[in-house]
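Okay, so here's the structure we're looking at.
Number of protein chains: 2
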Amino acid sequence: MTHFDIAVIGAGSGNFLMNRSLSDQQFAVIEEDRFGGTCLNVGCIPTKMFVHAAEVAAQVRDAARFGVDATVDQVRWTDIRDRVFGRIDPNSASAHQHRENGENTTVFTGHATFTGDHSLSVTTAGGSEEVIADRIVVAAGARPTVPAEIAQVPHHTSDTIMRIDALPRSLTILGGGVVGTEFAHIFSGLGVEVRIVNRGTSMLRKIDTEICDRFTALAREQWDCHLGQGVARAETTDVGVSLVLADGTRVESEMLLVATGRVPNADRLGLENTGIELHDDGRIHVDEFGRTTADDVWALGDISSAHQLKHIANHEARTIAHNLAHPEDLQAFDHRFVPAGIFTNPQIATVGLTEDEARRAGHRITVSSRAYGDTAYGWALEDTTGICKVVADQETGLILGTHILGPDASTLIQPAIQAMSFGLTAREMARGQYWIHPAMTEVLENALLGLGR
Amino acid sequence: MTHFDIAVIGAGSGNFLMNRSLSDQQFAVIEEDRFGGTCLNVGCIPTKMFVHAAEVAAQVRDAARFGVDATVDQVRWTDIRDRVFGRIDPNSASAHQHRENGENTTVFTGHATFTGDHSLSVTTAGGSEEVIADRIVVAAGARPTVPAEIAQVPHHTSDTIMRIDALPRSLTILGGGVVGTEFAHIFSGLGVEVRIVNRGTSMLRKIDTEICDRFTALAREQWDCHLGQGVARAETTDVGVSLVLADGTRVESEMLLVATGRVPNADRLGLENTGIELHDDGRIHVDEFGRTTADDVWALGDISSAHQLKHIANHEARTIAHNLAHPEDLQAFDHRFVPAGIFTNPQIATVGLTEDEARRAGHRITVSSRAYGDTAYGWALEDTTGICKVVADQETGLILGTHILGPDASTLIQPAIQAMSFGLTAREMARGQYWIHPAMTEVLENALLGLGR
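Protein chains in written order, with our numbering: chain A, 1364 to 1816; chain B, 1364 to 1816.
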C-alpha cells in the first residue's frame, strides 16, 4: 500500500494536472494503456494526420477542375500508417517516460478499481497494488461501443482501424456521427469504396439543421449512404461482412467499422464502492468546479463531460489543477462557448446555439448565411458547397452561434468564438477590424454584415 | 458640359461610393479601363485564382511525402487563364452595366484630366467631354513601374502576364516584393523555371526580420534567386531576355516579368491645374477624413494611401461615402491595425508592428514564436517551415504585432487582428476562449501562451 497526495486515473488530459502549482504534491499516475489518451493515440491527432493524407489524394483526383491534369499512381497505406504512428507512438512513450522520471510522480501501469473513496486497487502486469490518495482525479475517458448485433462479426472501431495492414477495397461504416464521417472522408479519400449505414435519416444530426441537411446531401453524393434504418443482423460473407438492414437491404464490404458512439469508462472503475454518482448516461456527475459527489474526488474529460472534446478536457484539467492548488479559490469550468471541429468532407466547425436552439431558447434572432463561392477566395477554390452561417440575437446584437461548412472551417470560426467569448456584437466585429482581402475570412465578414438589425 | 453633384474618377473602390445614403446625388463615374480596378482585373482576385491552381499542382508534386504517389500529367494554362478571366471579365462588365443603368449614375469611359478644382476634361473614344462637379473623389489607383533600363526589352508587368497565351519554360522576375513573390509562386507552381533578381539582399524586406529571413531562405530553395544586385542592362537574346547584373552575371529566361513597384496615377490627372497637393512619393495628400488640399476634392485607395491594399481602399471608400453624406459628422479613417496577406509560398500574413518597429517605438516587448510543426495540425501537414510570431507590450499585455508564415496564414491571423482592434490582451485572448483541438489555430494559441508576463 502506497500513499499519495493525489492519484490521477488516466494519463490523457489527466497527465496535464502536474503543473508548477502542484509541484509539492506526490502524484500517482495510473494508466492502463498508452499515455496521451484517446486524443493522441486513437483520436484527434492521428485521424487528422490521416485526413490530410486523404485530402492530398482527393486534391490530386480533383485537380483537373483547376486546369491541372493529375493522377494518383499509388496510395502507400502502410507508409502513411507508419508515418503517423512513427510520430504518435514515440510521443506517447516519451510522455510516459517523462512521468516515470518525474520527481513527484509515480506511474502505475494497470487498471484502477476504487475500493473506497480514497483507495484504489491497481491491477498491473505484476499483480495488484493498493494506492491510497488524499485526493483523486478520475480522467479515465471513454471507449467505443459496439451494438450486440454486430459484436459477433469481424469489425473494427476507431481504436483499431488506423493500424490495419492493408486498405480494404470497400468499407462499411456503421454510424453517421463525427467519428463515422471523419473515417468516411479518410478512407474514401484514400480510394476505398465507402458505404455508410446510419439509423438516423441525416448525418451529424446534432449540428445546425441547415448545415446538417447540406452535409447529408453531400454525403450521399460521395458515399453510398443507407440512412434511416437500423441493422437487423450482421453476417460474415465471402467478401467480408454484410449488414442486413431493417428493409432487407444488404450492405456488404470487405471491412466493417463500427462508429455508433462512445461510453464513459465509469462502469469499469468500481464506483459502486464509492460515493461517486453517475448521470443516467453513465457519465460521472461533477459540479462546476469538477468535484464529484465524493469528497476530494474530481473528474474531467470524456468520463464526466457532456462534450467529448479534447479542448474541453484540457480546460477542465487546467481548472482542476488550479482548484487542487487553491482549494480556497475554486474556479468554475467555462462551458459557455464550446466550439467543435469535424474533419470530414467538407470540414465543419460549429460554436454556440444552432438556429433551432436559439429560437427554442426564446431569442428573437437574425440569421445570415453566406456561400464561400460568393467571396473572392471562394472563387479561387472553385468552391460550390461551402457556407458560413451566423445566428445573432436581434436585441443585443450578440452572436449566439456560428456554423461553417467548407475548407478550413475549424480555423475560420476562431474569430467568431473569440467574439462570443468576449461579448463583441456582430456589427462591431464586422466593421471594427480589417479583414484581409481576398482571404477566406471574408465569408465570415460577409455573413456578419448580412445580419439584420 | 455636364454638371454633377459628385464625380468619381476610377471605378475600382470608387465604385463603392454610390450607396444608399448618397442616392439623392447625381454621380459621374469616370473610368478609362475596366470596372473593378486593379483588384478585380489585374490584382488581388485573379492572382489568388492562379495561386490556388498553382498550389493544386504543387500539392500533386509534393504528394509522395504524404504516402500518395501522384503525377502532374499536364498543366492546361489556357484553360486556367480562361477559367479565371471567364469569371473576372463578366463580373467587371456587369459592374459597368449596373452603373450605366443606374438612375443616379452616368458613366464616362475615358481618361479624366483636371482643368480646375471642380472641372474635368474626359477624353473618350468619341472626343472630349467636360464634366463639372461640386464634389470630386479621386480613386484612380496606381500602375506598375518599369525601370528605364528594362523598358527597351520585351517584358510583362502584373497588368499583362496573367493573359499570356502559353506558359514560358522559364521566367525571370525582377523584384522581390509582394507582386514578384506571388507570381514566382504561381509560375513555379505551374511548372515554370523561375529566376528572381532583386536589388535588396532579402525578399519582402518590409516584413518582420525573422519572417523575412526565413522567407528569403525558402525563396532561395525554391527559386533561382539573385539578390543584392541591380540590373546593369537588359538584352534580347535567342532564348528571350537576359538581365546582366552589376557583377556581370547573366540571368536569362524566355520571359521577363517586371515587378519593381507601383506608382500612383496622380501624375496623369492634370493636378497642376488644381489645389491638390502631393506627397514626395507622388501620392495625393489627404487628411484623416480623406480630404485633399483642394476644397471638396477627396481621394482614396492606391492614389493616396500609404497602404496599397484593397481592404484599405474599401474602408476609405466607406468612410468617404459617409463623409460625403454627412459633412457635419466627418469620420476619420482607421489605419491603426492594418493587416496584409502575401499569397506566396509559404503564405504570409502580418498585422501591426514588427519586432524591430516595436522596439524602436520604445515599447518594452515580449516576443513569442511557435512553429506550425509543434502543433498537432502541423504534424498532419508535415509542415517544417511555418511559424507564428506575436509581439506584445510587456506592460499592457496588448498585442503590438502578429506575423505568420505558413499555410492559411491569412485566415489564421484574423483573431489577432480582432484582438488588436478591440484591445484584448494576449493573455485574455489565449485563455478566455476555446481553440479547437487539433485545428491549425493552436499555433496562434501557443504563440500567445509563450509570451512573457
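Ideal Cβ placement from N, Cα and C applies to all residues, glycine included.
C-alpha gap between B/Gln1592 and B/Gly1563, whole angstroms: CA-to-CA, the gap between B/Gln1592 and B/Gly1563 works out to about 7 Å.
Strictly below 7 Å CB to CB, what residues from chain A border B/Gln1422? Near B/Gln1422 (Cβ distances below 7 Å), the residues of chain A are Val1419, Gln1422.
Starting from B/Val1754, trace the beta strand (DSSP E) in both directions and tell me its first and last residue. Bounds of the beta strand (DSSP E) holding B/Val1754 are 1750-1756.
Can you check whether the CB of A/Ser1521 is closer than 7 Å to the CB of A/Pro1507? In this structure, A/Ser1521 lies closer than 7 Å to A/Pro1507 by Cβ.
Can you give me, in chain order, the residues of the region 1391-1411 of chain B that have a beta carbon less than 8 Å from any beta carbon in chain A? Per Cβ criterion, the list reads Cys1402, Cys1407, Ile1408, Lys1411.
Please go through the same chain and pick out, in chain order, the residues whose beta-carbon is closer than 7 Å to the beta-carbon of B/Ala1782, but skip the five residues on each side of it. Cβ contact annotation for B/Ala1782 (same chain, cutoff 7 Å, sequence separation greater than five): Ile1762, Met1792, in chain order.
If distances are taken between C-alpha atoms only, which option among A/Leu1534, A/Ala1662, A/Val1542, A/Met1364 comes closest to A/Leu1380? Distances from the CA of A/Leu1380 to each of A/Leu1534, A/Ala1662, A/Val1542, A/Met1364 were compared; the closest alpha carbon is that of A/Ala1662.
Mind checking who B/Val1730 pairs with in its DSSP beta bridge? According to DSSP, which records beta bridges pairwise, B/Val1730 is partnered with B/Val1754.
With B/Phe1477 as the anchor, note down where its alpha helix (DSSP H) starts and where it stops. B/Phe1477 -> not in any alpha helix (DSSP H); beta strand (DSSP E) instead, spanning 1468-1479.
Using only alpha-carbon positions, find the residue among A/Tyr1740, A/Lys1673, A/Pro1627 that is nearest to A/Val1701. Put simply, of A/Tyr1740, A/Lys1673, A/Pro1627 the residue whose alpha carbon is nearest the alpha carbon of A/Val1701 is A/Lys1673.
The region 1444-1462 of chain B in contact with the region 1563-1573 of chain B per 3-pair CB rule at 8 Å: The region 1444-1462 of chain B makes no contact with the region 1563-1573 of chain B; the number of CB pairs closer than 8 Å stays below 3.
Do you know how far the Cα of A/Ile1728 is from the Cα of A/Ala1721? So the two alpha carbons sit approximately 7 Å from each other.
Against chain A, with Cβ distances strictly below 7 Å, would B/Pro1709 count as a contact? No, B/Pro1709 lies away from the interface with chain A (no Cβ there is under 7 Å from its Cβ).
List the whole-angstrom C-beta distance separating B/Val1392 from B/Val1371, where the pair is believed to meet the contact cut-off of C-beta under 8 Å. Contact holds; Cβ gap of about 5 Å.
Pick helix, strand or coil for B/Ser1482, following the three-state DSSP scheme. B/Ser1482 falls in the strand class under three-state DSSP.
Quick one: using the 10 Å Cβ neighbour count with 16 as the cut-off for buried, is B/His1689 buried or exposed? Per the 10 Å Cβ criterion, exposed.
Using a Cβ-Cβ distance cut-off of 7 Å, determine whether B/Phe1780 contacts chain A. Note on residue identity: the sequence assigns Ile, not Phe, to residue 1780 of chain B. So, interface residue.
Chain A contacts made by the region 1440-1453 of chain B, where a contact means CB separation under 8 Å: Cβ proximity to chain A below 8 Å picks out Trp1440, Asp1442, Ile1443, Arg1446, Arg1450 from the region 1440-1453 of chain B.
In or out: A/Pro1517 buried (at least 16 other Cβ within 10 Å) or exposed? The residue in question, A/Pro1517, is exposed, as its Cβ has fewer than 16 Cβ neighbours within 10 Å.
Inter-residue Cα distance where the pair is A/Gln1515 and A/Val1607: One C-alpha to the other measures close to 14 Å.
So B/His1589 and B/Val1560 are in contact, right, with Cβ under 8 Å, and what is the actual spacing, rounded? With a Cβ gap of about 5 Å, B/His1589 and B/Val1560 count as contacting.
Just the chain A side, please: which residues come within less than 9 Å of B/Glu1803 by C-beta, in chain order? Checking the displayed sequence, the identity of residue 1803 of chain B turns out to be Met instead of Glu. Those within 9 Å of B/Met1803 in chain A are Asp1771, Ser1773, Thr1774.
Look up B/Val1602 in the DSSP assignment and give the residues it is bridged to. Paired residues: none, contrary to the question.
Given B/Ala1374 as reference, the closest of B/Tyr1797, B/Phe1390, B/Tyr1735 once Cα atoms are compared: For B/Ala1374, the nearest C-alpha among the options comes from B/Phe1390.
Would you verify that the beta carbon of B/Gln1796 is, or is not, closer than 7 Å to some beta carbon of chain A? Yes, B/Gln1796 counts as interfacial toward chain A.
Taking just the CA atoms, how far does A/Asn1464 sit from A/Pro1709? Taking the straight line joining both Cα atoms gives about 43 Å.
Would you decide whether A/Ala1433 is buried or exposed? Buried here means 16 or more other CB atoms lie within 10 Å of its CB. A/Ala1433 is buried by the Cβ-count criterion.
Please classify A/Asp1368: does DSSP put it in a helix, a strand, or coil? Strand, per DSSP.
Contact test: A/Ile1666 Cβ vs the ligand SAH heavy atom, cutoff 6 Å: Inclusion of the ligand SAH in the displayed structure is not the case, the ligand content being empty and no account of it being possible.
What are the residues in the region 1733-1745 of chain A lying within 9 Å of chain B by C-beta distance? Ala1739, Tyr1740, Trp1742, Ala1743, Leu1744, Glu1745: these are the residues of the region 1733-1745 of chain A whose beta carbon lies less than 9 Å from some beta carbon of chain B, given in chain order.
Beta-carbon neighbours of A/Leu1787, restricted to chain B and to distances below 7 Å: A/Leu1787 reaches chain B at Phe1785, counting residues in chain order whose Cβ is nearer than 7 Å.
Can you give the Cα-Cα distance for A/Ala1488 and A/Val1604, rounded to whole angstroms? Their Cα atoms are separated by approximately 35 Å.
Those residues which DSSP pairs with B/Asp1432 across a bridge: A/Gln1437, per the DSSP bridge assignment.
Which residues in chain B sit within 7 Å of A/Gln1321, going by Cβ to Cβ distance? Limits of chain A in this structure are 1364 at one end and 1816 at the other, which puts residue 1321 of chain A out of reach.
Closest to A/Gly1543 by C-alpha separation, out of A/Leu1716, A/Asn1809, A/Phe1706, would be which residue? Looking at the Cα atoms, A/Phe1706 is the closest of the given residues.
For a contact defined as C-beta to C-beta under 7 Å, what are the partners of A/Phe1652 on chain B? Within 7 Å Cβ-Cβ: nothing; A/Phe1652 doesn't reach chain B, min ~17 Å.
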